[in-house]
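Trainee: In the numbering used here, the protein residues as written are 236 to 304.
(1) Is DSSP giving residue 252 helix, strand or coil here?
(2) Considering only the beta carbon of each residue, do residue 278 and residue 260 sit closer than 9 Å?
(3) Taking only the alpha-carbon atoms, compute the straight-line gap between residue 266 and residue 274 and give it to the nearest angstrom.
(4) With 16 as the cutoff for other CB atoms within 10 Å, does residue 338 come out buried or exposed?
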């Protein structure tokens with residue numbers, strides 16, 4: 236039986252990506268409305284690191300593929 240754990244991880248990482256982009260939108264909107272660019276900048280930098288990490292996980296998962304278990 237083949238286990239596709241990396242594929243599951245990739246799907247989860249993609250869902251996390253969707254949440255991160257939603258947060259980006261909300262953060263940018265909040266900055267535009269509240270003129271609080273410093274806080275938004277910190278949030279966006281943090282989200283950028285999370286986004287990069289999830290991209291790495293997705294790429295790793297795609298190359299790892301399925302394995303026999």
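All residues carry an ideal CB built from backbone N, CA and C; glycine is no exception.
Mentor: With the structure as the only source:
(1) Residue 252: helix per DSSP, three-state reduction.
(2) Not closer than 9 Å, so no.
(3) Their backbone Cα atoms lie some 8 Å apart in a straight line.
(4) Beyond the ends of the chain as shown, which are 236 and 304, falls residue 338; an answer cannot be given.
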